[in-house]
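Residue 49 is where the sequence shown starts when you use my numbering, and the numbers rise one by one after that.
Backbone N, C-alpha and C define an ideal beta-carbon position, used for all residues, glycine too.
For clarity, every value in this text was computed on a predicted model and none was experimentally measured.
Report on one structure; see the data block that follows.
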Amino acid sequence: MPGKKSMGGKRKGESKMRKYKNGGQLETVVCNCCGKKIIVSEGIAREGVISINHAWDFFSEKDGEIHHFDLCETCYDALISEFKIPVEVEEQLEYL
Numbered sequence: 049m050p051g052k053k054s055m056g057g058k059r060k061g062e063s064k065m066r067k068y069k070n071g072g073q074l075e076t077v078v079c080n081c082c083g084k085k086i087i088v089s090e091g092i093a094r095e096g097v098i099s100i101n102h103a104w105d106f107f108s109e110k111d112g113e114i115h116h117f118d119l120c121e122t123c124y125d126a127l128i129s130e131f132k133i134p135v136e137v138e139e140q141l142e143y144l
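As structure tokens, this is what we get:
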């Protein structure tokens, strides 16, 4: 499709926002909105970050595309503060 970029054998999102060590362990996460580098230790993001992986479907102009991005907590908060209908929030009762 026009405008699509080949990943060249890389893992999803590895080109800029995520990097993995040879063993597949997460090494780097970068916010797609502000460019902030998220602290990662032992393969785990140590700051608030939301990862979106969305496959667009038939009724979308983006049909056949899968979008991947990460947002730091600050950018997420700024984004949802603009919503006309607020995000539904529920308390997580069990922590992993």
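DSSP beta-bridge partners of residue i
i, result
"K69", "In the DSSP output, where bridge partners are listed per residue, K69 has none listed."
"D118", "S99"
"V88", "A93"
Top-ranked residue by Cα proximity to residue i, from the options
i, options, result
"G83", "F131, C120, Q140", "C120"
"L127", "C79, M65, G71", "C79"
"G96", "C123, E109, W104, K67", "C123"
"F173", "E142, E136, N101", "The question about residue 173 has no answer, for the chain in this structure spans 49 to 144."
"C81", "I133, E138, D125", "D125"
Between the CA atoms of residue j and residue i - distance to the nearest angstrom
i, j, result
"K69", "E75", "6 Å"
"Q140", "G112", "33 Å"
"Y143", "V135", "21 Å"
"K85", "G71", "21 Å"
"S99", "K67", "14 Å"
"E138", "K110", "31 Å"
"F131", "S108", "21 Å"
Cut-off 6 Å between Cβ atoms - residues of its own chain near residue i, not counting five sequence neighbours on either side
i, result
"R94", "I87"
"I114", "A103"
Cβ-based neighbour list, residue i, same chain, cut-off 7 Å, excluding 5 preceding and 5 following
i, result
"K64", "V78"
"Q73", "G91"
Span of the beta strand (DSSP E) around residue i
i, result
"D125", "First-last for D125: 121-128, but that is the alpha helix (DSSP H), not the beta strand (DSSP E)."
"E75", "74-78"
"V97", "97-103"
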